[in-house]
Amino acid sequence: MFPWFKVLKKNTQNLLSLYVHWPYCKSKCPYCDFNSHINEKIDINKWIASFNNQLCYMKDELIHKNIDFKNLNTIFFGGGTPSLMPIKIIEHILNISDKIFGMSKNIEITLEANPSSSDKNKLINLKKVGINRLSIGVQSLNNKNLKFLGRLHNIKDAQITLENASNLFKNISVDLIYALYGQKLKIWTNELILFLKTNNLHHISLYQLTIEENTQFFNDYKKGLIKLIDNDLAAEFYSTTNDILKEFQFFKYEISNYAKKGFECRHNLNYWNSENWIGIGPGAYGRVWLRNPKVKRIEYKNYTNPKTWLSKNMNKAEFEKIYTLEDEASDIDTLIMGLRLNNGIRISKLKNKLMINSKALEELQNKNIISTKNGILKVNENHSLKLNSIINYLIDV
Ligand SMILES: C[S@@+](CC[C@H](N)C(=O)[O-])C[C@H]1O[C@@H](n2cnc3c(N)ncnc32)[C@H](O)[C@@H]1O
Ligand code: SF4
Numbered sequence: 425m426f427p428w429f430k431v432l433k434k435n436t437q438n439l440l441s442l443y444v445h446w447p448y449c450k451s452k453c454p455y456c457d458f459n460s461h462i463n464e465k466i467d468i469n470k471w472i473a474s475f476n477n478q479l480c481y482m483k484d485e486l487i488h489k490n491i492d493f494k495n496l497n498t499i500f501f502g503g504g505t506p507s508l509m510p511i512k513i514i515e516h517i518l519n520i521s522d523k524i525f526g527m528s529k530n531i532e533i534t535l536e537a538n539p540s541s542s543d544k545n546k547l548i549n550l551k552k553v554g555i556n557r558l559s560i561g562v563q564s565l566n567n568k569n570l571k572f573l574g575r576l577h578n579i580k581d582a583q584i585t586l587e588n589a590s591n592l593f594k595n596i597s598v599d600l601i602y603a604l605y606g607q608k609l610k611i612w613t614n615e616l617i618l619f620l621k622t623n624n625l626h627h628i629s630l631y632q633l634t635i636e637e638n639t640q641f642f643n644d645y646k647k648g649l650i651k652l653i654d655n656d657l658a659a660e661f662y663s664t665t666n667d668i669l670k671e672f673q674f675f676k677y678e679i680s681n682y683a684k685k686g687f688e689c690r691h692n693l694n695y696w697n698s699e700n701w702i703g704i705g706p707g708a709y710g711r712v713w714l715r716n717p718k719v720k721r722i723e724y725k726n727y728t729n730p731k732t733w734l735s736k737n738m739n740k741a742e743f744e745k746i747y748t749l750e751d752e753a754s755d756i757d758t759l760i761m762g763l764r765l766n767n768g769i770r771i772s773k774l775k776n777k778l779m780i781n782s783k784a785l786e787e788l789q790n791k792n793i794i795s796t797k798n799g800i801l802k803v804n805e806n807h808s809l810k811l812n813s814i815i816n817y818l819i820d821v
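For reference, each letter of the sequence shown is one residue, going 425 to 821 in the working numbering.
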């Protein structure tokens with residue numbers, strides 16, 4: 425153990441997570457607005473040096489700013505397509521993180537894996553270096569929709585990845601996109617039931633397709649080449665899907681996330697609960713709470729473009745921006761994140777409780793849309809799809 429760590433241990437309190445962004449993919453999916461770029465030849469040593477510099481810098485920052493934290497509670501390799509990441513880089517990040525921050529005994533280490541870049545050997549190596557949770561981008565349960573979504577795998581590839589993964593990992597999540605225009609509810613429910621019966625999964629993230637600016641789908645949508653499902657049908661998809669997942673013992677703990685008991689994604693819970701996290705890699709950002717002199721939240725924003733990020737971090741760490749969040753912005757973020765959770769948000773987390781309009785709150789309570797009990801504010805189950813308008817109403821009347 426490093427001496428500085430002993431000093432920190434005295435007043436440690438908060439959970440600390442690490443997010444690692446890998447910005448490359450084999451191809452760009454037409455709906456995706458994540459910071460992802462077509463794979464290119466990379467210099468492994470330069471990437472290792474840059475990640476290393478960022479981790480060391482963050483260690484110094486946390487000490488310098490006297491931030492309370494326990495050792496790492498979760499690590500998440502997201503992307504992009506982290507299953508394309510050279511194993512040597514993953515291994516290095518895990519080793520150095522352990523050395524400088526320490527890892528909690530039951531640390532959760534997730535990696536997003538695409539079926540088109542996760543053969544058996546890759547999965548074996550991921551397990552060997554310490555990944556203990558896989559989030560597999562299955563995305564759709566039939567080949568027609570996989571093609572529409574521009575995916576490089578078919579349903580058979582996804583099934584092989586899932587089989588290999590379940591022989592190796594005890595915590596497997598799957599990402600799916602559903603409620604596409606023209607998708608039939610009956611066909612979707614049959615596909616989902618068969619999928620849940622066939623595979624031993626622990627967690628599912630289920631997203632309804634959204635059209636994001638600066639994507640191919642955005643242009644197609646504007647030209648009328650693709651359409652979105654109507655809101656009522658989308659709501660029906662949502663509630664029917666919730667019912668099916670419940671039957672299979674998957675409990676909704678966040679608007680789009682379902683888990684078997686004890687398999688909620690601890691990393692994402694740290695975000696939604698507005699805890700501390702460090703973000704390294706292109707476009708990643710981190711947020712930590714400063715306790716002294718007052719409670720303030722500080723944000724570290726990385727350069728988004730991979731080449732810029734690499735050139736800035738190769739010799740010493742450099743962030744595009746480091747700044748303290750305004751109390752109001754921080755509160756709004758805490759509220760938006762926390763209300764996504766089924767368990768809601770502890771009101772004491774808000775610095776300025778007066779930001780919530782009391783008349784609006786009373787009205788929403790009377791309509792049974794929101795409840796406040798024992799200091800917890802939460803959106804009631806069948807209103808979660810209207811979360812954005814509920815929040816706007818609460819803080820903006
Ligand atoms: C970082 S992304 C992708 C991880 C991985 N590269 C993959 O494609 O499987 C995380 C998830 O967000 C979801 N997603 C991304 N864009 C979306 C959109 N426009 N509409 C709905 N879901 C989306 C997808 O399910 C995706 O797996
Ligand atoms: S959805 Fe995943 S694989 Fe597709 S471009 Fe985005 S990050 Fe890459």
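All residues carry an ideal CB built from backbone N, CA and C; glycine is no exception.
CA-to-CA distance, residue j to residue i, given in whole angstroms
{"i": "Arg711", "j": "Trp701", "result": "5 Å"}
{"i": "Gly554", "j": "Ile513", "result": "13 Å"}
{"i": "Asn816", "j": "Ile756", "result": "10 Å"}
{"i": "Leu479", "j": "Lys529", "result": "20 Å"}
{"i": "Val598", "j": "Asn495", "result": "28 Å"}
{"i": "Lys452", "j": "Thr634", "result": "16 Å"}
{"i": "Thr613", "j": "Leu518", "result": "39 Å"}
{"i": "Leu486", "j": "Leu785", "result": "37 Å"}
{"i": "Phe672", "j": "Val719", "result": "42 Å"}
{"i": "Ile520", "j": "Leu439", "result": "19 Å"}
{"i": "Tyr631", "j": "Tyr455", "result": "12 Å"}
{"i": "Ile771", "j": "Gly799", "result": "6 Å"}
{"i": "Thr754", "j": "Asn729", "result": "What sits at residue 754 in the sequence shown is Ser, not Thr. Rounded to the nearest angstrom, the two C-alpha atoms are 26 Å apart."}
{"i": "Leu818", "j": "Glu805", "result": "17 Å"}
{"i": "Lys610", "j": "Asp654", "result": "16 Å"}
{"i": "Glu750", "j": "Leu774", "result": "12 Å"}
{"i": "Lys647", "j": "Phe475", "result": "41 Å"}
{"i": "Val803", "j": "Tyr724", "result": "30 Å"}
{"i": "Gly526", "j": "Glu787", "result": "47 Å"}
{"i": "Asn692", "j": "Gly762", "result": "11 Å"}
{"i": "Lys433", "j": "Ser698", "result": "In this prediction, Lys433 has a pLDDT of 40, which is less than 50 and means its spatial position is unreliable; what the coordinates show is noted afterwards. Those two C-alpha atoms are separated by around 21 Å."}
{"i": "Lys791", "j": "Glu464", "result": "54 Å"}
{"i": "Glu615", "j": "Arg690", "result": "28 Å"}
{"i": "Trp696", "j": "Gln583", "result": "31 Å"}
{"i": "Glu752", "j": "Leu765", "result": "21 Å"}
{"i": "Leu565", "j": "Tyr662", "result": "16 Å"}
{"i": "Leu809", "j": "Ala659", "result": "8 Å"}
{"i": "Ser680", "j": "His461", "result": "25 Å"}
Host beta strand (DSSP E) of residue i (start-end)
{"i": "Asn681", "result": "Asn681 to Ala683"}
{"i": "Leu525", "result": "Note that residue 525 corresponds to Phe in the displayed sequence, not to Leu. Here Phe525 belongs to no beta strand (DSSP E); instead the alpha helix (DSSP H) covers Ile511 to Phe525."}
{"i": "Tyr605", "result": "Element bounds for Tyr605: n/a, residue is neither H nor E."}
{"i": "Glu678", "result": "Phe675 to Glu678"}
{"i": "Thr796", "result": "Ile794 to Lys797"}
{"i": "Gly502", "result": "Leu496 to Gly503"}
{"i": "Val444", "result": "Leu440 to Trp446"}
{"i": "Thr639", "result": "Careful: Thr639 lies outside any beta strand (DSSP E) and carries neither H nor E."}
{"i": "Lys690", "result": "For the record, residue 690 in the displayed sequence is Arg; it is not Lys. Looking at the DSSP string, Arg690 is not in any beta strand (DSSP E); the run it does join, the alpha helix (DSSP H), is Arg690 to Trp696."}
{"i": "Val712", "result": "Tyr709 to Leu714"}
Inter-residue CB distance, residue i and residue j (contact presumed, cutoff 8 Å)
{"i": "Asn459", "j": "Pro706", "result": "6 Å"}
{"i": "Leu573", "j": "Gln563", "result": "6 Å"}
{"i": "Asp627", "j": "Phe675", "result": "Per the sequence presented here, residue 627 reads as His, with Asp not at that position. Incorrect: roughly 10 Å between the Cβ atoms, too far for contact."}
{"i": "Leu508", "j": "Trp446", "result": "7 Å"}
{"i": "Tyr443", "j": "Ala683", "result": "About 19 Å separates the two Cβ atoms, so there is no contact after all."}
{"i": "Glu636", "j": "Asp457", "result": "4 Å"}
{"i": "Tyr605", "j": "Leu652", "result": "6 Å"}
{"i": "Asn737", "j": "Asn545", "result": "Their Cβ separation, rounded to whole angstroms, is 30 Å, which puts Asn737 and Asn545 out of contact at 8 Å."}
{"i": "Asn694", "j": "Ser441", "result": "4 Å"}
Status (buried if at least 16 other CB within 10 Å, exposed otherwise) for residue i
{"i": "Glu678", "result": "buried"}
{"i": "Ser813", "result": "exposed"}
{"i": "Glu532", "result": "buried"}
{"i": "Ile483", "result": "It is Lys, not Ile, that sits at residue 483 in the sequence shown. Per the 10 Å Cβ criterion, buried."}
{"i": "Leu649", "result": "exposed"}
{"i": "Asn538", "result": "buried"}
{"i": "Ser782", "result": "exposed"}
{"i": "Ile617", "result": "exposed"}
{"i": "Lys621", "result": "exposed"}
{"i": "Pro427", "result": "Here Pro427 scores only 33 on pLDDT, less than 50, and its place in the model should not be relied on; the value that follows carries that caveat. Counting Cβ neighbours within 10 Å, Pro427 comes out exposed, since fewer than 16 surround it."}
{"i": "Ile780", "result": "buried"}
{"i": "Asn726", "result": "buried"}
{"i": "Asn826", "result": "The structure shown does not extend to residue 826, since the chain is modelled only from 425 to 821, so the question has no answer here."}
{"i": "Glu587", "result": "exposed"}
{"i": "Leu801", "result": "buried"}
{"i": "Leu535", "result": "buried"}
{"i": "Pro506", "result": "buried"}
{"i": "Leu778", "result": "exposed"}
Residue i: CB within 7 Å of a non-hydrogen atom of ligand 4
{"i": "Thr639", "result": "With respect to ligand 4, the structure shown offers nothing to examine, as its ligands consist of ligand 1 and ligand 2."}
Delimiting residues of the alpha helix (DSSP H) encompassing residue i
{"i": "Gly648", "result": "Run containing Gly648: none; DSSP gives neither H nor E here."}
{"i": "Lys731", "result": "Pro730 to Asn737"}
{"i": "Ser782", "result": "Ser782 to Asn790"}
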